[in-house]
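Number of protein chains: 2
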Amino acid sequence: MPAAQLASVFAALGDETRWEILARLGAAPASASALAAGFPISRQAIVKHLDVLQEAGLVEAARRGREVRYSVLGGRLSSLGRDLERLGSAWDRRLSSIKQLAESDQ
Amino acid sequence: MPAAQLASVFAALGDETRWEILARLGAAPASASALAAGFPISRQAIVKHLDVLQEAGLVEAARRGREVRYSVLGGRLSSLGRDLERLGSAWDRRLSSIKQLAESDQ
DNA sequence: ACCTTCTGCAACTTATGGGTTGCACTAGGC
DNA sequence: GCCTAGTGCAACCCATAAGTTGCAGAAGGT
Numbered sequence: 006m007p008a009a010q011l012a013s014v015f016a017a018l019g020d021e022t023r024w025e026i027l028a029r030l031g032a033a034p035a036s037a038s039a040l041a042a043g044f045p046i047s048r049q050a051i052v053k054h055l056d057v058l059q060e061a062g063l064v065e066a067a068r069r070g071r072e073v074r075y076s077v078l079g080g081r082l083s084s085l086g087r088d089l090e091r092l093g094s095a096w097d098r099r100l101s102s103i104k105q106l107a108e109s110d111q
Numbered sequence: 006m007p008a009a010q011l012a013s014v015f016a017a018l019g020d021e022t023r024w025e026i027l028a029r030l031g032a033a034p035a036s037a038s039a040l041a042a043g044f045p046i047s048r049q050a051i052v053k054h055l056d057v058l059q060e061a062g063l064v065e066a067a068r069r070g071r072e073v074r075y076s077v078l079g080g081r082l083s084s085l086g087r088d089l090e091r092l093g094s095a096w097d098r099r100l101s102s103i104k105q106l107a108e109s110d111q
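Quick note, the sequences are listed as chains A and B, same order.
With our numbering as the guide, the letters of the first sequence map in order to residues 6 to 111.
With our numbering as the guide, the letters of the second sequence map in order to residues 6 to 111.
See below:
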């Protein structure tokens, strides 16, 4: 995954309110209005957050009659997690091999 | 990990420049000035990014003579990745069980 | 001692992200 | 056909994050 897209997904995850939204959608799908009822901010603010989450591929929208029902896409988060895990351990391995070189060099 | 801290770490990861910095530090530790030479922005800007990354626990600073050498903390990223993976699959499991309920209900 | 290199601090500009309000539109329920 | 609940769009504040410049201080090389 290119760094540009990585950054935008994490930017989406870099907001406390959006995590709360994800948590509630993780419990059960809901509409923007239904969500807004449980938050101290306006429905429009919630919609903006949902747009960001949808753009990042973390949430899915489905029109159902006159309401739009949002649900969380856990798979996206899982694969992201696996990517991070790989990246982190790769860096750790490289760092320790560099340290070995430095020690054998003195 | 509480959602508040999660968000701040991801906010740190939500910037393209910081990903580039992490990538270079992942290749080899470096000082702020050395890093800045490879970027189109000022050293001060790099320092600010490094501060954010350090605050998030993604990077470590070590004074070495007159320079400060930064290195990436891959372990932090790995454990974060594992957390995400768990969370995502938990949501997916719950979502599919809700769907089953909905289908048996019609 | 002197010069150079790297760091640290502070003030400032600018862009963007989170939030608001107001209004128009659409789709179900009765 | 009318009312209501839910959505969509647009303009607008306000705080903060990204970046800049300028200068002062500390540490290594010669």
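Think of the CB as a built atom: it goes at the ideal place given N, C-alpha and C, for glycine as much as any other residue.
Residue i and residue j closer than 8 Å at C-beta
i: L18 of chain A; j: G93 of chain B; result: no
i: L11 of chain B; j: V77 of chain B; result: no
i: L58 of chain A; j: L89 of chain B; result: no
i: S36 of chain B; j: V64 of chain B; result: no
i: A50 of chain A; j: V14 of chain A; result: no
i: G86 of chain A; j: R48 of chain B; result: no
Selected residue, minimal CA-CA separation from residue i, among the options
i: R98 of chain B; options: A:G80, A:R99, A:G70, A:R48; result: A:G80
i: Y75 of chain A; options: A:D56, A:R87, A:Q105, A:T22; result: A:D56
i: K104 of chain A; options: B:A32, B:L40, B:V73; result: B:A32
i: A41 of chain B; options: B:T22, B:Q59, B:A66; result: B:T22
i: R68 of chain B; options: B:P34, B:W96, B:P45, B:S84; result: B:P34
i: S38 of chain A; options: A:E25, A:L30, A:V52; result: A:V52
i: R91 of chain A; options: B:S102, B:W96, B:S84, B:A66; result: B:S84
Residue i in three-state terms, based on DSSP
i: S47 of chain A; result: coil
i: R81 of chain B; result: helix
i: A33 of chain A; result: coil
i: R98 of chain A; result: helix
i: A12 of chain A; result: helix
i: Q111 of chain B; result: Only weak support exists for where Q111 of chain B lies, its pLDDT of 45 falling under 50; the value from the coordinates is given anyway. DSSP places Q111 of chain B in coil when its eight states are reduced to three.
i: A41 of chain B; result: helix
i: A66 of chain B; result: strand
i: R71 of chain A; result: coil
Members of the region 50-79 of chain A near chain B, C-beta cut-off 7 Å = S76, V77, G79
request  = Anything in the region 79-98 of chain A with a Cβ closer than 9 Å to a Cβ of chain B? List those residues in chain order, please.
outcome  = G79, G80, R81, L82, S83, S84, L85, G86, R87, D88, L89, E90, R91, L92, G93, S94, A95, W96, D97, R98
inquiry  = At a CB distance below 9 Å, what residues from the region 10-33 of chain A approach chain B? Give them in sequence order.
reply    = Hits within the stretch, in order: L11, A12, S13, V14, F15, A16, A17, L18, G19, D20, E21, T22, R23, W24, E25, L27, A28, L30, G31, A32, A33.
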